[in-house]
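Positions 3 to 141 (this note's numbering) are the ones given, in order, by the sequence shown.
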Amino acid sequence: MSADFIDSNVLVYLFDPTQPERRRIVRENVETAIETGSGIISYQVVQEVLNVTTHKMERPLTGSDARGFLDAVLLPLWRVYPSDELFHRGLEIKERYRFNWYDSLIVAAALAGGCTRLLTEDIQHGQVIGPLTLCNPFV
C-alpha cells in the first residue's frame, strides 16, 4: 500500500473556517489516512501543528481540544521520529534541491516513512524526489 505524508501546512486547514473547501479536502484525506493506515506524519509536523493551533490562530485551541486532536489525529499518524539518519538525509536534500531546512526535513521524513506522496503547499507541485511525488492537494 502506498502512503501519503501529510505536511503541517495542510493539516492546519482543519481549523480554518475561512477555507471550507480546503478544510473538507483535508478532512477527507485525514479520515482516509487514519482508517486505512495510509497516512504518515513526523514529530516535526506534530510540533508545528500544535504550535499553530494553540498559539497562532485567531481562535487558538484550548489545552483540552489540543490534547483531543493530538490523541485522535496526530498520534495515529505519527510514525517518523528524530534520528541522526533523518537529519543527515535532510541536509543532503537541502544541499541537492536547495529547499529550506524545514522543508528538507519534511521531505526526508516522508522518504523515511516510505511514502510515495507528500501532501504539501510549500514545495513545487509535481516535483519528484526518488519515489516521492510532491502534491498540493488543493490543485
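All C-beta atoms in this analysis are idealised placements derived from N, C-alpha and C, irrespective of residue type, glycine included.
- Within the DSSP bridge table, the entry for Val82 names Ser44 as partners.
- When the beta-carbon positions are compared, Ala68 and Leu79 stay at least 8 Å from each other.
- Per DSSP, Arg119 lies in no alpha helix (DSSP H) segment; the continuous beta strand (DSSP E) that holds it begins and ends at 119-121.
- Secondary-structure assignment with DSSP links Asp6 through a beta bridge to Gly41, Arg119.
- With respect to Ile42, Phe17 sits apart: the two C-beta atoms are not nearer than 8 Å.
- In the displayed model, Thr64 falls within coil according to three-state DSSP, outside both helix and strand.
- Between Leu93 and the set Val109, Arg81, Tyr83, Val82, the nearest pair of CA atoms involves Val109.
- DSSP, reduced to helix, strand and coil, places Val141 outside both helices and strands of the structure shown, so it counts as coil.
- Within the DSSP secondary-structure output, Thr135 pairs in a beta bridge with Arg119, Val130.
- With fewer than 16 neighbouring CB atoms inside 10 Å of its own CB, Glu30 falls in the exposed class.
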